[in-house]
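Letter by letter, the first sequence follows residues 1129 to 1347 in the numbering used here.
Just so it is clear, CB atoms sit at the ideal spot from N, CA and C, and this is done for glycine as well.
Because the structure is a prediction, the values reported are computed rather than measured.
Below is one structure, written out as structure tokens; comments come after it.
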Amino acid sequence: MNKAKREAIFARLQEAIPEPTTELLYDTPFQLLIAVILSAQATDVSVNKGTRTLFPEAPDAAAMAKLGIAGVSRHIRHIGLFNSKAKNVVATCEILLRDYGGEVPRDRRALEALPGVGRKTANVVLNTAFGEPTLAVDTHIFRLANRIPLAKGKTVRAVEEGLLKHIPKAYLKDAHHLLILHGRYVCTARKPRCGACVLFDLCEFKGRFAAAEDGGEAP
DNA sequence: ATCCCGAGGG
DNA sequence: CCCTCTGGAT
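What follows is the structure in structure tokens.
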């Protein structure tokens, strides 16, 4: 994969996706952090359904901590892993209040020290709330990176490092959402819509499931 | 490697 | 039914 090809890939994605941003609902960095914690192994639609009632009741760390685990749980029972998420959300709020005046630290290490926050969540918050050129490798980006391929790797960390090296700098800030949205709506896990893909001629995975779009079987 | 764990889609 | 969804902690 040469440089010109990588440039072309991101130029096309940018044209196809005019607003490369998150589909999670949030008003503040704090709310984004909570929404991302809730989004583990869950769809944005499912998370938004919970935060739409949770955030009005608990818009900040103080209110969320006061709401407590049972109170948070009530809003997120429909989301997978809700028990551990409710616990982590409240514990995270308590640390934010104790150490950061209730604000979200703009610092990778501080973020990763919060319960329920790992490298992926920290990267999303740094990118989306603070505009930093980080790249969170989630299930979608891991899949796309290996399919096209943009960066092959067996671990998310290897893929992240490969992508950071190979993505043209001009696209780095938006790369996370360009890739994730392309993965969500076109290069899906089960039945990729290769026929509608703007990267078709640049992709090695090309057409492998093209027949499946008509209900046929993959080779 | 295993657990956490609900909803929607195919 | 089985797979997938912006993972993290043990």
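Classification of residue i by the beta-carbon crowding that lies within 10 angstroms, buried from 16 upward
i, result
"Gly1259", "exposed"
"Asp1342", "Note that Asp1342 scores 41 on pLDDT, short of 50, meaning its location in the model is unreliable and no value can be drawn from it."
"Ala1257", "buried"
"Tyr1313", "exposed"
"Ser1212", "exposed"
"Arg1271", "buried"
"Gly1323", "exposed"
"Pro1233", "buried"
C-alpha gap between residue i and residue j, whole angstroms
i, j, result
"Ala1193", "Val1218", "5 Å"
"Thr1156", "Leu1307", "24 Å"
"Thr1181", "Pro1187", "10 Å"
"Leu1291", "Arg1285", "10 Å"
"Arg1134", "Leu1141", "11 Å"
"Cys1325", "Cys1315", "8 Å"
When the options are compared against residue i, the one with the closest alpha-carbon
i, options, result
"Ile1137", "Thr1283, Tyr1228, Ala1273, His1203", "Ala1273"
"Ala1189", "Leu1209, Ala1163, Leu1330", "Ala1163"
"Thr1088", "Asn1255, Pro1296, Thr1283", "Coverage of the chain is limited to positions 1129 through 1347, which leaves residue 1088 absent and any answer about it impossible."
"Asp1227", "Leu1242, Asn1216, Gly1178, Asp1329", "Leu1242"
Under the three-state DSSP convention, the category residue i falls into
i, result
"Leu1278", "coil"
"Arg1134", "helix"
"Tyr1154", "coil"
"His1206", "coil"
"Arg1234", "coil"
"Asp1266", "coil"
Should the stretch 1263 to 1274 be regarded as contacting the stretch 1238 to 1255, the criterion being three or more beta carbon pairs within less than 8 Å?
-> yes
Spell out a yes or no on whether the stretch 1296 to 1306 and the stretch 1318 to 1325 are touching, meaning 3 or more CB-CB pairs, one atom from each, closer than 8 Å.
-> no
Is the number of C-beta pairs between the stretch 1169 to 1184 and the stretch 1328 to 1335 that are closer than 8 Å three or more?
-> no
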